[in-house]
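Trainee: Sharing a structure, written as structure tokens. Questions coming.
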Amino acid sequence: MADTTPDGDTMFEHAACALMTTAADGLVLRANGTACNWLGYSRDELVGKIRLRDLLPVGARLFFNTHCQPILQVQGSVAEIQVDIRNRLQERLPMLINIVRHREDDRIVDHWALFKASDRRAYERELLAARKAAEAAETELKKLNEQLSAADRRKDEFLATLSHELRNPLAPMRSALDVFKLRAGRDGQGGEGRLLQVFDRQLRHMTRLVDDLMEVSRITQGRMQLRRAPVELSALVRSAAQDMADTMKAARHSLRLFVEDGPVMVDGDATRLAQVVVNLLTNAAKYTPDGGLIELHLACHPDLAEIRVRDNGIGIPAPALATVFEMFSQLESALERAKGGLGIGLALVRGIVELHGGSIRAESEGPQRGSTFIVTLPLAAGAVCPAEAAPEQAAPRAVRVMVVDDNQDAAETLAMALELFACEVVVAHSGAQALELVGVADPALALLDIGLPDMNGYELARRLRHLPGGASRTLIATTGWGQQKDRERAFDAGFDHHLTKPIDFELIKPLLRKAAAP
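The sequence shown begins at 122 in this note's numbering and counts up one residue at a time.
Written as structure tokens, this is what we have:
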């Protein structure tokens, strides 16, 4: 079957498909070697001897006569017709056929191109199987993605709820500690004073952990809102360093400040930016062995303010520099330290800095070579920081205060702290009781819990505002829910201030002074 065509057309002879020329009645006039090999006939047996339609099974022949022939006569070609053709052994070969009709001299000839369809069918089966597998994988991936999204939502909800629930027991503890501190200061009890300082540091540390949980949850959900104003970073950085003095002293660290003298102004949220500096200093203190050296730098550049916190602590391996700001990221060397923390502090810092349009990066020469964290913030063009009045040490006169909280421990300890600050305090444990007492006590300031048994604090605030003297009364919301939407809801209900439990008594003092002012 390896005959050679008279004209020696190699391309025609060895084409990848069967090529044939037939007369109008289907008689084979010419066939290439591929056609002869596939059909099992020699060229002499095929050419001039066999009509191609005779190789078609009955059904294919009927289809050819009723469909292909009329189309050939009208448009002169048919394409991609799939039929079976019988070879010499009467085996069916699935073929994909293209036919083009031409007129040569005084006769009509058809040029046939036949392609084996068996491989195509196998390919189609594989393609169909692959498509089904891909669709199944996509469905499974979508299902897993939905499960991960749901788990992520539940995680954020859990963090927010956990923070709220932890704040409830922290609130009376904070108030009780403030009472003990005030009494210890008056009675001159030095030994107890030192114990109270330990208690105070640990309670503040626990409160910061709870706050960090809440804040990082807000950032991951895109709910953190900044209260922007011109902020002078020099004073803010020095204040943050002062807040960390006890922590540094307890670890015998030396904290050195290199702070720009002139005002370094940025447009930002002072509370959040202070949180950034405190967290970075806390991080440095944790991961520096006792007796270490920590430096806090503030520099002003043409367009940027730069804060650097440098330590000579455990350092960071090079591969970890890119992941140290990720949520719950912890170095193995850090986990070995008892004060390793939750691994959310740096993630929180990065989130706050980026919300301010700034950036943060970490540098380290490796393990045991110390670390440097660099924060850059855009300067506020032309911003002026208003001068702040020096805080007074005590209210000029007694202030009548009403504390409303269904948690008796929280209400009584807060009342005790207020009384030691020369306040006249009345306590209520429900909204109805508060409405009964307010007319008699006529408080200038009221601290209202939101989760009351009979009515929530928002409704109570609205009712207090409508009572005689309600417009001038200072209303403070005290709650474990501290998200921005909670603050906005409190202000909409008529509150003047929103404090998150556990309440730091230092935050109440300026409000008492303001309420006591003539």
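Positions of the beta carbon are idealized from the N, C-alpha and C atoms, including for glycine.
Values in this document were obtained by computation on a predicted structure and should not be read as measured data.
Output the distance between the C-alpha atoms of Leu-217 and Arg-224, rounded to the nearest integer angstrom.
Mentor: Counted from its first residue, the sequence shown places residue 217 at position 96. Counted from its first residue, the sequence shown places residue 224 at position 103. About 24 Å.
Trainee: When we look at the beta-carbon of Ala-455 and count the other beta-carbons within 10 Å, is it buried (16 or more) or exposed?
Mentor: Along the sequence shown, read from residue 1 onward, the residue named residue 455 stands at position 334. With a pLDDT of 46 at Ala-455, under the threshold of 50, the modelled position of that residue is not reliable, and the figure given next carries that caveat. Flag for Ala-455 reads buried.
Trainee: Are there any heavy atoms of the ligand NAD lying less than 6 Å away from the beta-carbon of Trp-159, as far as the coordinates show?
Mentor: The ligand NAD is not part of this structure, which contains no ligands at all.
Trainee: Would you say Ile-229 and Ala-145 are within 7 Å of each other, going by their C-beta atoms?
Mentor: For the purposes of this step, residue 229 is taken as the residue at position 108 of the sequence shown. For the purposes of this step, residue 145 is taken as the residue at position 24 of the sequence shown. Contact flag set, yes.
Trainee: Here's the rule I'm using: 16 or more other beta-carbon atoms within 10 Å means buried, otherwise exposed. How should Ala-250 be labelled?
Mentor: In the sequence shown, counting from the first residue as 1, residue 250 sits at position 129. Classification for Ala-250: exposed.
Trainee: What does the alpha-carbon distance come out to for the pair Ser-551 and Val-525?
Mentor: Working through the sequence shown from its first residue, we reach residue 551 at position 430. Working through the sequence shown from its first residue, we reach residue 525 at position 404. Cα to Cα, the separation comes out at about 7 Å.
Trainee: For Ala-405 versus Val-430, is the C-beta spacing smaller than 7 Å?
Mentor: Translated into the one-based positions of the sequence shown, residue 405 becomes position 284. Translated into the one-based positions of the sequence shown, residue 430 becomes position 309. Cβ distance < 7 Å, so Ala-405 and Val-430 count as in contact.
Trainee: DSSP three-state call for Pro-410: helix, strand or coil?
Mentor: To locate residue 410, count along the sequence shown from 1; it is residue 289. If DSSP states are grouped into helix, strand and coil, Pro-410 belongs with coil.
Trainee: Restricting to Cα atoms, I'd like to know which of Leu-303, Arg-348 and Leu-298 is closest to Leu-324.
Mentor: Sequence index remark: in the sequence shown, residue 324 carries index 203 (1-based). When each option's Cα is compared against that of Leu-324, the closest is Leu-298.
Trainee: Alpha carbon to alpha carbon, how far is Leu-210 from Asp-231?
Mentor: The residue labelled residue 210 in the question sits at position 89 within the sequence shown. The residue labelled residue 231 in the question sits at position 110 within the sequence shown. In a straight line, the C-alpha of Leu-210 is about 25 Å away from that of Asp-231.
Trainee: Taking the alpha-carbon of Ala-636 as reference, which of Asp-563, His-587 and Met-576 has the nearest alpha-carbon?
Mentor: Within the sequence shown, the letter at position 515 stands for residue 636. Answer by Cα proximity: Asp-563.
Trainee: Rounded to the nearest angstrom, how far is the Cβ of Arg-348 from that of Val-380, given a contact under 8 Å?
Mentor: On the sequence shown, position 227 is the one that residue 348 refers to. On the sequence shown, position 259 is the one that residue 380 refers to. Actually they do not touch by this definition, with Cβ atoms about 24 Å apart.
Trainee: Can you give the Cα-Cα distance for Ala-565 and Leu-376, rounded to whole angstroms?
Mentor: Residue mapping note: residue 565 aligns to position 444 of the sequence shown, counting from 1. Residue mapping note: residue 376 aligns to position 255 of the sequence shown, counting from 1. Roughly 43 Å separates the two Cα atoms.
Trainee: Of all the options Thr-143, Ile-437, Gly-590 and Gly-154, which has the alpha carbon lying nearest to the alpha carbon of Thr-131?
Mentor: Counted from its first residue, the sequence shown places residue 131 at position 10. Of the candidates Thr-143, Ile-437, Gly-590 and Gly-154, the one whose C-alpha sits nearest the C-alpha of Thr-131 is Gly-154.
Trainee: How about the stretch 154 to 169 and the stretch 184 to 192: do they share at least three Cβ pairs that are nearer than 8 Å?
Mentor: At 8 Å Cβ cutoff, the stretches do not touch.
Trainee: Any idea if Lys-302 is buried or exposed, counting beta-carbon neighbours within 10 angstroms, 16 or more meaning buried?
Mentor: For the purposes of this step, residue 302 is taken as the residue at position 181 of the sequence shown. Buried, by the Cβ-count rule.
Trainee: With H, G and I counted as helix, E and B as strand and the rest as coil, what does DSSP make of Asn-404?
Mentor: For the purposes of this step, residue 404 is identified with residue 283 of the sequence shown, where counting begins at 1. Note: Asn-404 maps to helix in three-state DSSP.
Trainee: Pull up the DSSP beta-bridge partners for Ser-480, would you.
Mentor: Here residue 480 corresponds to residue number 359 of the sequence shown, with the count starting at 1. Paired residues: Thr-497.
Trainee: Between Arg-586 and Gly-615, how many whole angstroms is the CB-CB distance? I'm expecting something under 8 Å.
Mentor: Stepping through the sequence shown from its first residue, residue 586 is reached at position 465. Stepping through the sequence shown from its first residue, residue 615 is reached at position 494. Arg-586 to Gly-615, Cβ: 5 Å. Contact.
Trainee: Helix, strand or coil: which one does DSSP assign to Asn-528?
Mentor: Walking along the sequence shown from the start, residue 528 turns up at place 407. Coil, per DSSP.
Trainee: Whose C-beta lies closer than 7 Å to the C-beta of Asp-294 among residues of the same chain, with five residues either side of it excluded?
Mentor: As a first step, residue 294 is located in the sequence shown; it is residue number 173 there, counting from the start. Note that residue 294 is Met in the sequence shown, not Asp. Leu-324 and Pro-623.
Trainee: Closer than 6 Å by C-beta to Val-548: which residues in its own chain qualify, once you throw out the five before and the five after it? Chain order, please.
Mentor: Translated into the one-based positions of the sequence shown, residue 548 becomes position 427. Within the same chain, Val-548 has close Cβ partners Val-524, Ala-532 and Ala-536.
Trainee: Just to confirm, are Arg-487 and Gly-413 a CB contact at a threshold of 7 Å?
Mentor: Here the question's residue 487 lines up with position 366 in the sequence shown. Here the question's residue 413 lines up with position 292 in the sequence shown. For the sequence presented, residue 487 should be read as Gly rather than Arg. No, they are not a contact pair.
Trainee: Gly-434 and Gly-478: beta carbons closer than 7 Å?
Mentor: Locating residue 434 in the sequence shown gives position 313, where the first residue counts as 1. Locating residue 478 in the sequence shown gives position 357, where the first residue counts as 1. No, Cβ-Cβ distance for Gly-434 and Gly-478 is not below 7 Å.
Trainee: Do Arg-393 and Ile-473 count as a contact pair if the criterion is CB distance below 7 Å?
Mentor: Translated into the one-based positions of the sequence shown, residue 473 becomes position 352. Translated into the one-based positions of the sequence shown, residue 393 becomes position 272. Closer than 7 Å, so yes.
Trainee: Taking the CB atoms as reference points, tell me whether Glu-484 and Ala-519 lie closer together than 7 Å.
Mentor: Counting from 1 along the sequence shown, the entry for residue 484 is found at position 363. Counting from 1 along the sequence shown, the entry for residue 519 is found at position 398. For Glu-484 and Ala-519, no; Cβs fall outside 7 Å.
Trainee: Helix, strand or coil, according to DSSP, for Glu-533 in the structure here?
Mentor: Looking up residue 533 in the sequence shown gives position 412. Here Glu-533 sits in helix by DSSP.
Trainee: Taking only three categories from DSSP, how would you classify Phe-616?
Mentor: Taking the first residue of the sequence shown as position 1, residue 616 is located at position 495. Phe-616: coil per DSSP, three-state reduction.
Trainee: Indicate whether Ala-395 and Ala-361 have their beta-carbon atoms separated by less than 7 Å.
Mentor: Mapped onto the sequence shown, residue 395 falls at position 274. Mapped onto the sequence shown, residue 361 falls at position 240. Yes, Cβ-Cβ distance for Ala-395 and Ala-361 is below 7 Å.
Trainee: Where do the N-terminal and C-terminal ends of the beta strand (DSSP E) with Thr-595 fall, by residue?
Mentor: Counting from 1 along the sequence shown, the entry for residue 595 is found at position 474. Unbroken beta strand (DSSP E) run through Thr-595: 595 to 600.
Trainee: Going by C-alpha to C-alpha distance, which of Ala-366, Arg-172 and Gly-383 sits closest to Val-399?
Mentor: For the purposes of this step, residue 399 is taken as residue 278 along the sequence shown, with counting starting at 1. Nearest of Ala-366, Arg-172 and Gly-383 to Val-399, Cα basis: Ala-366.
Trainee: Met-327 and Pro-351: beta carbons closer than 7 Å?
Mentor: Walking along the sequence shown from the start, residue 327 turns up at place 206. Walking along the sequence shown from the start, residue 351 turns up at place 230. No, they are not a contact pair.
Trainee: Provide the residue(s) that pair with Met-386 in DSSP beta bridges, ordered along the chain.
Mentor: The residue given as residue 386 occupies position 265 in the sequence shown. Beta-bridge pairing links Met-386 to Glu-353.
Trainee: Determine, using beta carbons only, whether Ala-238 and Gln-203 come nearer to each other than 7 Å.
Mentor: On the sequence shown, residue 238 is found 117 positions in, with the first residue counted as 1. On the sequence shown, residue 203 is found 82 positions in, with the first residue counted as 1. Cβ atoms of Ala-238 and Gln-203: closer than 7 Å.
Trainee: May I have the straight-line CA-CA distance separating Lys-630 from Leu-596, to the nearest angstrom?
Mentor: Here residue 630 refers to the residue found at position 509 when the sequence shown is read from its first residue. Here residue 596 refers to the residue found at position 475 when the sequence shown is read from its first residue. Cα to Cα, Lys-630 sits roughly 14 Å from Leu-596.
Trainee: Kindly list the residues whose CB is nearer than 6 Å to the CB of His-618, restricted to its own chain and excluding five residues on each side of it in sequence; keep chain order.
Mentor: Numbered from its first residue, the sequence shown carries residue 618 at position 497. Only Ile-597 meet the Cβ criterion.
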